[in-house]
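Participant: Residues in the sequence shown are numbered from 531 upward in steps of one, following my numbering.
Yeah, the Cβ is synthetic: ideal placement off N, Cα and C, and Gly gets one too.
All of these numbers come straight from a predicted model, not from anything done at the bench.
Handing you this structure, nothing more for now.
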Amino acid sequence: MIRAVVKGSGSALPRRAVSNEELAQQVDTSDEWIRERTGISNRYIAGDGETTSTLATAAARAALEAAGLDASEIELIIVATATPDRTFPSTATLVQRELGVAGCAAFDVGAVCSGFLYAIGTADAMIRSGMARSALVIGAETFSRILDWEDRATCVLFGDGAGALVLKAEDVAEDGPGILSTKLHADGAHNDLLYVDGGPSTTGTVGKLRMKGREVFRHAVVNLAEVLEEVLGATGYAASDLDWVVPHQANARILEATARKLGLAREKVIVTVDRHANTSAASVPLAFDVAVRDGRIKPGDLVMLEAMGGGFTWGASLLRM
531 MIRAVVKGSG SALPRRAVSN EELAQQVDTS DEWIRERTGI SNRYIAGDGE TTSTLATAAA
591 RAALEAAGLD ASEIELIIVA TATPDRTFPS TATLVQRELG VAGCAAFDVG AVCSGFLYAI
651 GTADAMIRSG MARSALVIGA ETFSRILDWE DRATCVLFGD GAGALVLKAE DVAEDGPGIL
711 STKLHADGAH NDLLYVDGGP STTGTVGKLR MKGREVFRHA VVNLAEVLEE VLGATGYAAS
771 DLDWVVPHQA NARILEATAR KLGLAREKVI VTVDRHANTS AASVPLAFDV AVRDGRIKPG
831 DLVMLEAMGG GFTWGASLLR M
């Protein structure tokens, strides 16, 4: 059977790291307050010359190198982002230009923190259908540019970064590697719980991020547990079969609550929220790359990816390395 197989991963972070202590000098907060409520101790903030597309391109190059592929072999580029360089053209075409691979399909996906899952699902479907034999799937964000730095409840939560996976079509056995199942959902009834208060057709401005944290937390734990069970049900695996879960790095409390709800051992959950904060669509591929490069995720491992974001949107994807 033809599957989209992960051939390599990569990630990129801005040059500037910002600790809780440094942030507390600018915002009415403290290291203790942030750590206790979120588990975050550090984040990276994009500076001059660093944009969503530059971070995405750097992550893409690292993923291609890990995969042992030349950029010319890529037939599809999808960038998941809520903070594009421009309203248009897409950030994916900017990455395409920098990689020098004109001619292949390239477009952005907008599903906020779930964007990378939506991008993975799209790339997998296109590979299975024969529309592309290889894909570069990227999650990249510069969320610092849409934060209200006077709102301590939100500005401490987010950071900037990018992560990428290279997928390639391969004819594999049923128990072989590749993406096994992806399930995606959305519920627009909850738009007002996590959103940006601007846009080209409303205010004509970029706007700032707004969030009702308690309500988001409650929906996240329920939705993520349900979609994980849905993917497991579709593939015939149990939670105990998973080697690793790579969740959206929103908040340490959400990660712990979701793991408890599913009966997952904490040591099977990849956590990078402490060092990177919430990087929205970049958080899943960024955490995935960290775990691949430090040797935790290995060939043959069964890995679950999951995320929930504004919209609400949420999804999960199960893959065999």
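Looking at C-alpha atoms only, which residue of 709, 683, 669 and 802 is the closest neighbour of residue 762?
Facilitator: Nearest option by C-alpha distance: 709.
Participant: So residue 912 is in the beta strand (DSSP E); what residue range does that whole segment cover?
Facilitator: Residue 912 lies beyond the stretch modelled for the chain, which goes from 531 to 851, so this question has no answer here.
Participant: CB-CB under 8 Å to residue 626, same chain, minus the five flanking residues each way: which ones, in chain order?
Facilitator: Excluding residues within five positions, the ones whose Cβ falls inside 8 Å are 607, 632, 634 and 636.
Participant: Per the contact definition of three or more C-beta pairs closer than 8 Å, is the region 608-616 in contact with the region 634-654?
Facilitator: As far as the Cβ criterion goes, the region 634-654 touches the region 608-616, which means the pair count is three or higher.
Participant: For the alpha helix (DSSP H) containing residue 629, list its first residue and its last residue.
Facilitator: Run containing residue 629: 621-629, per the alpha helix (DSSP H) assignment.
Participant: To which residues of the same chain is residue 538 closer than 6 Å at the C-beta, ignoring the five residues directly before and after it?
Facilitator: The residues are 593, 596, 597 and 696.
Participant: Which of the three DSSP states, helix, strand or coil, is assigned to residue 722?
Facilitator: DSSP places residue 722 in helix when its eight states are reduced to three.
Participant: By how many angstroms is the C-alpha of residue 679 removed from the C-alpha of residue 557?
Facilitator: If you take the alpha carbons of residue 557 and residue 679, they lie about 7 Å apart.
Participant: Helix, strand or coil for residue 617, going by three-state DSSP, please let me know.
Facilitator: Coil, per DSSP.
Participant: Taking the beta strand (DSSP E) that residue 550 falls in, what are its first and last residues?
Facilitator: Premise fails: residue 550 lies in the alpha helix (DSSP H), 550-554, not in any beta strand (DSSP E).
Participant: Do the region 771-788 and the region 728-739 make contact, defined as three or more Cβ pairs closer than 8 Å?
Facilitator: Too few Cβ pairs lie closer than 8 Å, so no.
Participant: Mind checking who residue 701 pairs with in its DSSP beta bridge?
Facilitator: DSSP output for residue 701 lists 532 as bridge partner(s).
Participant: Using 8 Å as the cut-off, can you tell me whether the region 707-722 makes contact with the region 659-671, which would need three or more C-beta pairs spanning the two stretches below that distance?
Facilitator: Taking 8 Å as the limit for Cβ pairs, the verdict is that the region 659-671 does not touch the region 707-722.
Participant: Given that a residue counts as buried once 16 or more other Cβ atoms are within 10 Å of its Cβ, and exposed if not, what is residue 671?
Facilitator: Buried, by the Cβ-count rule.
Participant: Can you give me the Cβ contacts of residue 577 inside the same chain, cut-off strictly under 7 Å, excluding the 5 residues immediately before and after it?
Facilitator: 544, 545 and 546.
Participant: Spell out the partners DSSP gives residue 813 in its beta bridges.
Facilitator: Per DSSP, none; premise fails for residue 813.
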